[in-house]
Amino acid sequence: MSNLIKTLRWNFLTITVPALWNLVANEIFNQVWPDNVHIQAFADDFVLVIKADTNKSLVEDTQSAITQFSSWFSANELAISTEKNKLYLIQQNGIHVDDRLNWLEHINKQGEKAIKMQQNLKRIAGGNWGISQIHRWTLYKTVIERMLAHGSSAWCLNPTFKMKRKLSSIQRPFLLHISGAYRTTPTAALQTILGIPPLHMQLQFEARFTSIYRLTIPLPPFITDTQPHDLEMKATGWSTHPSEHLKPNQISFEDGEAYIARKDIINIFTDGSKTEHGVGATSCVLTNDIWAYQWSAKLNDNNTVFQAELTALHEAVIYASHLPNHNTSNIHVDNRASIMASSNSKSTNETARKFFKILLSNPRIKVSWVKAHAGNIGNERADQLAKDVL
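Numbering (my numbering), first residue to last: 157 to 546.
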């Protein structure tokens, strides 16, 4: 009988104690915590995660959170096990953060790694033996510089004079080793001869590029007026299912001038142009020797000719897709790169993907290459319209 009572008591405690603890622990979660403080419980263990921008703020916010947490424990007559308490400083892998956040400690640590790499490089290449200069140059650009560039978007947007000087001292031994020049050769001369920019300028360029293109963080106006939403982002993956593909006769890289003489085909000519006056794109439609339609647009000055060609090509295929189904149309393009991108289902260009999808659903639309500036009446007209819009 006593064994039965002990079993029932144990089962009761096993079921009720965790439930009662959850009710008690729920009070600490209902308290008001700062936005940069997160609390999480794992059974009877608690974790406090505090985020701050500076070392001083981190210390103050951590102390405040611990005080609030300790007050709740005291109010519930609970004790904190000091033996199990642990403090972890969480930071980005490979990034060394110092108290002053001036990043000199990080650069010093990276410099120590670079010295070890340079010593290993000396084992496989000497002054007049070992791997060639081009291979040394490649190792520097693909290994050493990549290691030093780690996390540069966080610490090299606006390098200080001390950072520039330290980075230059890290780069100089590699320049001497690649060139085989005398130790008295100026660093600027070595950089010019080898075609390697100063390390701080290279890292600052990559930091700015990463910030605006990858992190979509705008840069100050005195650097550039280009905003993240103005940049063309690369698409990934397939635009359609791999089993879907264009008809064999829809894309042709042979001169399509023979189609122009046919009366049963609607010929559309596209062109993109970029001059000192700007960037323009245009498309025009020739039907029965009559110019039935034309479209022109002026793009931003920072657009490329390739983007202008794709824009004109996209407008042309939209026009062709709205024609009656019994009409066969042929789009003439003098830019092979735009045709190749538009016929590729894995193209990283969004405009090219849109063109591919329209072409896929309209097999009566064909695209052919035409030689530029060869006296073709349609291509010459499209070229002139693209320049007139500027």
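No residue lacks a Cβ here, since even glycine has one placed at the ideal position from N, Cα and C.
On a predicted model such as this, the values are computed, not experimentally measured, just so you know.
Separation of residue j from residue i, as counted between CA atoms
| i | j | result |
| --- | --- | --- |
| Ala337 | Lys269 | 23 Å |
| Gly147 | Ile334 | The structure shown has nothing for residue 147, since the chain only spans 157 to 546. |
| Val526 | Ala476 | 18 Å |
| Gln187 | Leu214 | 20 Å |
| Lys318 | Ser395 | 48 Å |
| Pro342 | Lys272 | 23 Å |
| Gln383 | Pro377 | 10 Å |
| Gln196 | Leu204 | 7 Å |
| Gly307 | Leu541 | 47 Å |
| Ser230 | Thr223 | 11 Å |
| Lys479 | Tyr369 | Checking the sequence shown, residue 479 turns out to be Leu, not Lys. So the two alpha carbons sit approximately 39 Å from each other. |
| Ser485 | Phe511 | 15 Å |
| Glu410 | Leu387 | 33 Å |
| Pro404 | Ala530 | 27 Å |
| Lys430 | Leu469 | 16 Å |
| His291 | Ile326 | 19 Å |
| Pro519 | Glu400 | 12 Å |
| Ser517 | Gly393 | 20 Å |
| Phe202 | Lys240 | 11 Å |
| Ala528 | Glu362 | 37 Å |
| Thr163 | Asn232 | Residue confidence is low: Thr163 scores 41 on pLDDT, short of 50, so the model does not pin down where it sits. Its coordinate-derived value is still stated next. Going from the Cα of Thr163 to the Cα of Asn232 covers about 29 Å. |
| Ile280 | Ser288 | 10 Å |
| Gln347 | Leu260 | 23 Å |
| Gly286 | Lys242 | 51 Å |
| Lys513 | Ile379 | 38 Å |
| Glu536 | Ser408 | 20 Å |
| Val253 | Ser309 | 14 Å |
| Thr316 | Asn276 | 30 Å |
Residues near residue i by beta carbon distance below 8 Å, same chain, minus five either side
| i | result |
| --- | --- |
| Leu515 | Leu402, Gln406, Val473, Ser498, Ser499, Ile521 and Val523 |
| Met303 | Gln266, Lys269, Ala270 and Met273 |
| Phe185 | Ile195 and Ala197 |
| Ala508 | Leu466, Ser494, Ala497, Ser498 and Asn500 |
| Pro190 | Asp217, Ser220 and Ala221 |
| Asn505 | Glu388, Lys390, Ala391, Leu466 and Ala497 |
| Thr460 | Lys430 and Val435 |
| Asn481 | Arg520 |
| Asn483 | Ile422 and Arg520 |
| Val173 | For Val173, the predicted structure reports a pLDDT of 47, less than 50, and the residue's modelled location is therefore unreliable. A value from the coordinates is still provided. So no residue of the chain qualifies. |
Residue from the options whose Cα sits closest to the Cα of residue i
| i | options | result |
| --- | --- | --- |
| Ala345 | Leu304, Pro376, Pro398 and Ser324 | Ser324 |
| Glu432 | Lys543, Phe330 and Lys390 | Lys543 |
| Gly250 | Ala305, Ala508 and Ala221 | Ala305 |
| Thr467 | Gly434, Leu479, Ile195 and Gly428 | Gly428 |
| Ala464 | Ala437, Asn481 and Asn483 | Ala437 |
| Ile300 | Asp191, Asp539, Leu260 and Gln274 | Gln274 |
| Trp451 | Ile206, Ala528, Asn483 and Glu471 | Glu471 |
| Trp447 | Asn241, Val253, His291 and Ala538 | Ala538 |
| Asp381 | Arg364, Gly393 and Thr340 | Arg364 |
| Pro534 | Pro315, Tyr449, Gly393 and Gln327 | Rather than Pro, the amino acid found at residue 534 in this sequence is Gly. Closest option to Gly534, Cα to Cα, is Tyr449. |
| Ile532 | Ser399, Leu260 and Val489 | It should be pointed out that residue 532 corresponds to Asn in this sequence rather than to Ile. Asn532 has its Cα closest to that of Val489, out of Ser399, Leu260 and Val489. |
| Phe225 | His252, Asn182, Thr316 and Lys513 | Asn182 |
| His385 | Leu371, Asp201 and Asp254 | Leu371 |
| Arg328 | Ser309, Pro315, Thr316 and Leu350 | Leu350 |
| Arg339 | Lys322, Thr316 and Gly283 | Gly283 |
| Pro398 | Gly286, Asn483 and Lys502 | Lys502 |
| Phe322 | Asn264, Ser309 and Arg418 | In the sequence as presented, Phe is not what sits at residue 322; that position holds Lys. Checked all of Asn264, Ser309 and Arg418; the closest Cα to Lys322 is Asn264. |
Rounded distance between the beta-carbons of residue j and residue i, thought under 8 Å
| i | j | result |
| --- | --- | --- |
| Leu331 | Ile352 | 7 Å |
| Ser367 | Leu375 | 6 Å |
| Leu313 | Gln360 | 7 Å |
| Thr426 | Ile487 | 6 Å |
| Lys207 | Asn192 | 5 Å |
| His262 | Trp228 | About 38 Å separates the two Cβ atoms, so there is no contact after all. |
Close Cβ partners of residue i (< 7 Å) along its chain, the five nearest in sequence each way excluded
| i | result |
| --- | --- |
| Leu257 | Thr210 |
| Phe462 | Ala493 and Ser494 |
| Lys320 | His356 |
Chain-order list of residues whose beta-carbon lies under 6 Å from that of residue i (same chain, five-residue window excluded)
| i | result |
| --- | --- |
| Phe168 | In this prediction, Phe168 has a pLDDT of 36, which is less than 50 and means its spatial position is unreliable; nothing more can be read from the coordinates. |
| Val545 | Gly436, Ser452 and Lys454 |
| Lys278 | none |
Distance cut-off 7 Å: residue i Cβ against heavy atoms of the ligand ZN
| i | result |
| --- | --- |
| Thr460 | This structure does not include the ligand ZN; it has no bound ligands of any sort. |
Residue i at chain D interface by Cβ criterion, 8 Å
| i | result |
| --- | --- |
| Asn486 | This model lacks chain D altogether; it includes just one protein chain. |
Mind the definition here: the stretch 449-456 touches the stretch 493-501 only if three or more C-beta pairs lie below 8 Å; say whether that holds.
The stretch 449-456, when compared against the stretch 493-501, does not touch it at the 8 Å Cβ threshold.
Pair every Cβ in the stretch 435-442 with every Cβ in the stretch 417-425, then say whether three or more of these pairs are closer than 8 Å.
At 8 Å Cβ cutoff, the stretches touch.
Would you call the stretch 294-309 and the stretch 225-241 touching, i.e. three or more CB-CB distances under 8 Å?
With a cut-off of 8 Å on Cβ pairs, the stretch 294-309 is not in contact with the stretch 225-241, counting fewer than three such pairs.
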